[in-house]
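Data first, discussion second: the structure below is written as structure tokens.
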Amino acid sequence: MSTTTTLGITPTDNPFHALAVAHAAMHEGCEFNKAAGCHVPAISRKDADLALGHAEQVLDDCTFGMQALGHLLRHHDGRLIGDTEDTLFQAGCLISLLANVQGHAVEAIESARCRLWAHDRIAATLRQEARS
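Residue numbers for the sequence shown, in the numbering used here: 2 to 133.
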């Protein structure tokens, strides 16, 4: 029987750090439960739920960061925030970084939802077996 890992992440953790901690555990291989028809998640339901919340927060932070950069580039004279060429280059680098982080957050959301679904599926199977 496979064991479920407790990651030790909390709701008050930095979301970026919490996702880094959860990433490897959410992608670990795990045993297949024939009765439920799914793999047993390597992380607890609580940790999967926390990882989902943190991933959604990271996604929101990236979106707001991109919106702020867009506002800055649209509404401010480049001379007020530095040399225009340097400013555009730095803003482009930051937008690229935010887009990469956003992609990882979306992947983490999907992974966490899959783990939560598996926990629910296994729990429902166990309840049904108990009734039989």
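Don't be surprised by glycine CBs; every beta carbon is placed ideally from N, CA and C.
- Per DSSP, C63 is one residue of the alpha helix (DSSP H) stretching across 46-76.
- When the beta-carbon positions are compared, R116 and P16 stay at least 7 angstroms from each other.
- Contact annotation, L95 with L70: C-beta distance approximately 6 angstroms; criterion of less than 8 angstroms satisfied.
- Less than 7 angstroms separates the beta-carbon of A113 from that of A52.
- Counting the other Cβ atoms within 10 Å of the Cβ of A26 gives 16 or more, which makes it buried.
- For L20, the enclosing alpha helix (DSSP H) covers residues 16-27.
- Put simply, of E29, A92, H55, S97 the residue whose alpha carbon is nearest the alpha carbon of H77 is A92.
- Two segments are said to touch when three or more pairs of C-beta atoms, one from each, lie closer than 8 angstroms; by this definition the segment 126-133 does not touch the segment 54-70.
- For A36 and R122, the gap between their C-alpha atoms comes out near 10 angstroms.
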